[in-house]
Every structure is written in C-alpha cells, then in structure tokens.
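*Asks:*
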Amino acid sequence: MRIWLDPALYWQLGISDFIGSITSYFAYEDEGAVGVHSNRLYKRHICYAEGYGPNPSPDEPDCDCRYTDCSRSKYIVSPFSLQERVLSIWDHELRCAPDLYLARCDDTHWLACNPIDQGMVVVLDEEAHALLELFRSGHILKELAKQWANDTATDFDQPFVMHKVHLVALFVALGLIIDIYQYENSLPVASSYESRTLSAWLHVTNACNMRCSYCYISKNTEHMADDVGKRAIDAVFRSAIRAGYQQVRLKYAGGEPLLHFSEVLALHDYALQQAERYGLQLSATLLSNGAALIPRVIEQLKQRAISVAISLDGVGEDHDKQRPLLHGMGSFRLVDRAIMRLLEHDLIPHVNVTVSQRNLSGLPKLVAYLLEHDLPFSFSYYRENDCSATLADLQFSEGQMIAGMKAAFTCIEQHMTPRRVYSSLIDKASLAAPHHQTCGVGRNYLVIDQHGGVAKCQMEITQTITTIDAEDPLQDIRMQQAGAQVLDVDAKEGCRTCNWRYWCTGGCAVLTYRLTGRNDIRSPNCGIYKALFPEALRLEALRLLKYTYGL
Numbered sequence: 000m001r002i003w004l005d006p007a008l009y010w011q012l013g014i015s016d017f018i019g020s021i022t023s024y025f026a027y028e029d030e031g032a033v034g035v036h037s038n039r040l041y042k043r044h045i046c047y048a049e050g051y052g053p054n055p056s057p058d059e060p061d062c063d064c065r066y067t068d069c070s071r072s073k074y075i076v077s078p079f080s081l082q083e084r085v086l087s088i089w090d091h092e093l094r095c096a097p098d099l100y101l102a103r104c105d106d107t108h109w110l111a112c113n114p115i116d117q118g119m120v121v122v123l124d125e126e127a128h129a130l131l132e133l134f135r136s137g138h139i140l141k142e143l144a145k146q147w148a149n150d151t152a153t154d155f156d157q158p159f160v161m162h163k164v165h166l167v168a169l170f171v172a173l174g175l176i177i178d179i180y181q182y183e184n185s186l187p188v189a190s191s192y193e194s195r196t197l198s199a200w201l202h203v204t205n206a207c208n209m210r211c212s213y214c215y216i217s218k219n220t221e222h223m224a225d226d227v228g229k230r231a232i233d234a235v236f237r238s239a240i241r242a243g244y245q246q247v248r249l250k251y252a253g254g255e256p257l258l259h260f261s262e263v264l265a266l267h268d269y270a271l272q273q274a275e276r277y278g279l280q281l282s283a284t285l286l287s288n289g290a291a292l293i294p295r296v297i298e299q300l301k302q303r304a305i306s307v308a309i310s311l312d313g314v315g316e317d318h319d320k321q322r323p324l325l326h327g328m329g330s331f332r333l334v335d336r337a338i339m340r341l342l343e344h345d346l347i348p349h350v351n352v353t354v355s356q357r358n359l360s361g362l363p364k365l366v367a368y369l370l371e372h373d374l375p376f377s378f379s380y381y382r383e384n385d386c387s388a389t390l391a392d393l394q395f396s397e398g399q400m401i402a403g404m405k406a407a408f409t410c411i412e413q414h415m416t417p418r419r420v421y422s423s424l425i426d427k428a429s430l431a432a433p434h435h436q437t438c439g440v441g442r443n444y445l446v447i448d449q450h451g452g453v454a455k456c457q458m459e460i461t462q463t464i465t466t467i468d469a470e471d472p473l474q475d476i477r478m479q480q481a482g483a484q485v486l487d488v489d490a491k492e493g494c495r496t497c498n499w500r501y502w503c504t505g506g507c508a509v510l511t512y513r514l515t516g517r518n519d520i521r522s523p524n525c526g527i528y529k530a531l532f533p534e535a536l537r538l539e540a541l542r543l544l545k546y547t548y549g550l
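Going left to right, the sequence shown walks through residues 0 to 550 as numbering that gives the first Met the number 0 numbers them.
1. Can you find the residues in the same chain that come closer than 6 angstroms, C-beta to C-beta, to G506, ignoring five residues on each side of it along the sequence?
2. Between the beta-carbon of E539 and the beta-carbon of D519, is there less than 9 angstroms?
3. For A308, tell me which candidate among A290, A454, R295 and Q321 has the shortest Cα-Cα distance.
4. Expressed to the nearest angstrom, what Euclidean distance is found between the alpha-carbon atoms of P187 and C95?
5. By how many angstroms is the C-alpha of T466 removed from the C-alpha of Y269?
6. From the DSSP output, which residues share a beta bridge with Q280?
7. Whose CA, out of F236, V167, L93 and M119, lies closest to the CA of Q181?
8. Distance, Cα to Cα, A265 vs T196?
9. May I ask which residues mark the beginning and end of the beta strand (DSSP E) holding F376?
10. So what does S287 bridge to, in DSSP terms?
11. Below 8 angstroms, can you find three or more Cβ-Cβ pairs linking the segment 233 to 246 to the segment 481 to 501?
12. Can you grab the Cα-Cα spacing for the pair H128 / R537, in whole Å?
13. Taking the alpha-carbon of D317 as reference, which of K301, N358, G137 and T353 has the nearest alpha-carbon?
14. Give the single residue among I305, Q299, R332 and L325 whose Cα lies nearest to the Cα of V314.
15. Just tell me which of I88, P114 and D124 has its CA closest to the CA of R103.
16. Tell me the rounded alpha-carbon separation between V227 and L473.
17. If you scan the segment 172 to 244 from start to end, which runs of the beta strand (DSSP E) of 3 or more residues do you find wholly inside it?
18. Between the C-alpha atoms of F514 and M458, what's the straight-line distance to the nearest angstrom?
19. Is Y269 helix, strand or coil when you go by DSSP?
20. Sort D373, Q399, C386 and Q394 by Cα distance to H414 and report the nearest one.
21. What's the gap between the Cα of L86 and the Cα of H165?
22. As a quick exercise: from E221, L300, H349 and Q272, pick the residue whose alpha carbon is nearest that of S261.
23. Are there three or more Cβ pairs, one per stretch, closer than 8 angstroms when the segment 373 to 390 is compared with the segment 345 to 352?
24. Is the beta carbon of I411 closer than 9 angstroms to that of L370?
25. Check the DSSP bridge columns for Y100 and list the partner residues they point to.
26. On the DSSP bridge assignment, give the partners of H138 in chain order.
27. Nearest to V171 by CA position, among S238, F134, K455 and K218, is which residue?
28. Any contact between the segment 376 to 386 and the segment 322 to 340? By contact I mean 3 or more CB pairs, one from each, below 8 angstroms.
29. Let's test the definition: count the other Cβ atoms within 10 Å of the Cβ of T284 and tell me whether it reaches 16, buried, or not, exposed.
30. Does DSSP put A530 in a helix, a strand or coil?
31. Are Q484 and Y512 close, meaning C-beta to C-beta below 9 angstroms?
32. Helix or strand or just coil, what does DSSP make of L4?
33. Sort D106, I460, Q280 and K545 by Cα distance to P417 and report the nearest one.
34. How far does the beta strand (DSSP E) with Y444 in it reach, from first residue to last?
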C-alpha cells in the first residue's frame, strides 16, 4: 500500500512535523518488525517527490498573487503529531470529503485531492485507493481498526493495522477524508488571507525597443523623473507603514525598464534606504523583454538581489511574429541570448508566456525549450485591450485554447522534469494553494505611472485614481469602487458552487469586466479552465510518480 506526496507542499502548509512523525509508525517490514527508528518502510510507503516544490515567486507582470502570501490557502493544517491526529479522530465518524476529486493517472495509480480544502495532490496505488474508497460510506476508525485486527480489541498496535490507521489519519490531514462531527460543527473560516506584503508596480518608462502585438502601452519617450521616482517610493512606504505591512515588493516595469536602467538602480537604492529606515523587508523584480540585457546589467541586478522576469512567447518565428523589435526584425535570438546569460550568472529568470491564437501552435516547442533549460514559467492568456483591439488574429476560441494547451501538456509529460510546473499552467489560476482572489488589485497593490499617478492595475494604468502625493494612496485605491473589482470568488455568479473555484478564483477581473460589464460573474475563460484543471493535475501526479525516494 503506497502513496506519493510532495514534501514541499506540506512544509508550506505547516504539516511537516505531522508528515515526519510517520517514520516512527511505519517502522516495520512485510517480513517482520524492524527497529522503531528505522525508516526503511517509511521510505517505501511514503514516497516523496524530489521536486523543487512550489516555484519561486514569478512576480509575473500582470498578476501579483501567484506563489505569494496573498495566494495562501484559507485552510492551514495544524502540525499535530501523528498520535494526536489519530486520537482526535479515533472514535469519530469519518467519510470521504464531499469535494474529493479522484481520477486515474495510469493503469495502476490514482490521483486524489480536495481543491476546496488543502488542494494538495496525492498519488495512491490500488490498495491505498481502496482504503480511501472505503470511506464513501461513514465509518468509525476505532471500529475499522478492530476489524483489521480480527476483532482483537487489544491488538491495535499490529503493524499492518497501524499502517492503515496512520494512512487514514494522513487522508484526514490532507482533506481527503473529513471528520463528520468536526465538519458539521466547525466555525466558518475567514474568506481571505491578509497579505503581509504591499506590492507596487513602478512604470519606469513608456519607451520600448519592441512592438509587441498585444501590448497595452502607447509608446513614447516619457519616463519617470528622479524626483517622481523618489516620491513614488516614499508613497509606497507611507502606505505600507499605515496599513501595517511587513514587506514591500517592487516591480520595475515599462515599456522596457532597461532603457532607463540607471534610474532603476537609483530607485532601488533609495528603496533600500527607506526599507532600512522603517524596518521593512524589501524585494524587487525587473520585468524585461531581455533584448538589452547585457552582463554588466546582470551583475548589478545580482548585487542588489533583484530578480528577473523575461517575456518569451515561442521559439524562433513563433516568438518573433508576436514580439518583433522596434523596426520589425525578430527578437528571439536576443531574448534567448539574455536567458543564457542569466543562467550563466546563476540568476534564474521566471519566463512569462503570453498565449494568443498566433503562437498557440508553437507552445509544445516552447515548452520543450523551457524544460530543457529548467526554467520556471507561467502561461497567461491574451487579453484584449484598447491598443490591440483591432488585431483579430490574437483572440483565440475556447476550442483552440484547449487543444493548444493540451498539446503543450503532452510535451510536458514527454519531457517530465523534477520541477513542479502544474501550478502555473492555466492562465491566472494558481494551483499552489486554495485562495479567494485572483490578485491583489484593490487590496495590497499599487500601480504608479511615469507621472506619479496611481492606478489599480497596470492593464488600466491610464485610469489613475490618486497620486503619489496623497497621504495614503493605498487607502484611496481601496475606497474606489468603480470599474473592475477583484471580488471574493464566492461572490461570483457561476463560481460559488464550482469545485475549482479556489484555484481559478473567477479569472482576471479586468478581462471579465471589459467583456461583460460585471464583476460578480465567472470568467469568460471558465470553460477553458474547467477542461484543463484535470489535465494539469494528472501531470503533477505523473511527476510525483517519476521523482521519488526509495522504491
């Protein structure tokens, strides 16, 4: 009876002590007992993936919450010891969770998860699957243990009995099985996790050395002056202090921020001074197209611990037809060179991929490239904007996107690596942990343009609500109720009964509002998400099976 788990997920959710304590209980072999401290059977039956765990924060350019603390689960499991967990459920009725998702991942293994609860993927062999299925009808663990011990009430400590008991306790911890008493009498859980981080998008310039077909910025030479930049940093820290945030995260963007790199460095150095002054943590990301990324720049980024996000939409022509240089030439060779330079300097970039009808057919080739170089990446679907609305060949149909993404998934399966990628494959959805809002817009996010105007979202950067000279720009943003609003997914029509809602969260609010005029309704891409979630989960299950310790 075997199961496969990713330990990084349990550390992230606070149950590492619980998982680790299994070693002392699975200390037996089929051939006979072994020492209590042996972990041979532990390694045999609890097969941990050698994956990277959750990808590092990509700080992608158009969503602020993926893999950051504002995307954390609303359900945090207490790190009970295994014995405490068993005792807490020993004489309670247990049943499979109503939102349990089970599916075959191959001929002999099943994947299981509860996307409404912990959302963690577990792989089961046939015996473990049968044990879980036993709880489709309610059972009291104590009575089952007695049956497993051949009705010998005093012999529950037989290894094979305790093995099953411990697996049941693990299933409860992972949300696959519920304690009916606790489930029916539990208090409502808070609908959102309050982030400890204030994020700010600093629009350094409108200038760019590329002319990407889907870009929402009207290009010109305007850029953020030095005094505006310092006042912007002051405004961010002023709001952070007032709201009680512990960390500030800055995104240097454009346009192409490398065209004004000296100003970026000056901004960041000033931000470091302010962070030290106020006792706050500071992190930062440079969002670049990569064309002007030279070794000297990379060295300066490393010195300041500024991470890098690079946009890459394909290999060769698939990238070039969507992201040409200013004068029309292809840019792939320059972006590829930038990525290789970053890797040579041990500064691993996060790759942002914008998927449109133009580059859908090239996704498998791009995925192979990304996996070959072991690059963290995420897919974002093209969103129409005022600058791109006349380009009909960018917009995809539901069927086109599903087919294109499934082709990319097939490539991932064929080139499986230890890196955990399934969490970032489906547009704005994040499968890293259940959450209620797609991004931090309207809550813990500021977008500051080159003039010092402050907007809610970079996709609406021309719709400024306040300025950096306001006493508290973040409060002004929070008070603004017009236009696109990021609502709790449970408040959205078509979402509140969906099993995938705490991963999808209803999609991008700006896109939904632009196409429907409503905030309280599911994403226009809902059908795509529902079709792809099972496929992404299967990829994670196959990864867990392939990269394990022990057998």
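For glycine and all other residues, C-beta sits at the position ideal for the given N, C-alpha and C.
*Replies:* On the basis of the coordinates in this document:
1. The answer, listed in chain order, is K427, S522 and N524.
2. no
3. Nearest C-alpha to A308: A290.
4. At P187, the pLDDT of 46 sits below 50, so the modelled position is not reliable; the number obtained from the coordinates is stated separately. Taking the straight line from one Cα to the other gives about 20 angstroms.
5. 19 angstroms
6. Q246
7. L93
8. 22 angstroms
9. Segment F376 to Y380, the beta strand (DSSP E) holding F376.
10. In the DSSP assignment, S287 forms a beta bridge with I309.
11. no
12. H128 and R537 have their C-alpha atoms spaced approximately 16 angstroms apart.
13. Comparing Cα positions, the closest option is N358.
14. R332
15. D124
16. 17 angstroms
17. 176 to 178 and 196 to 202
18. The question names Phe, but residue 514 is Leu in the sequence shown. Going by the C-alpha atoms only, they are around 14 angstroms apart.
19. helix
20. Per the Cα distances, D373.
21. 11 angstroms
22. L300
23. yes
24. yes
25. C112
26. L93
27. Answer by Cα proximity: F134.
28. no
29. buried
30. helix
31. yes
32. strand
33. K545
34. Y444 to I447
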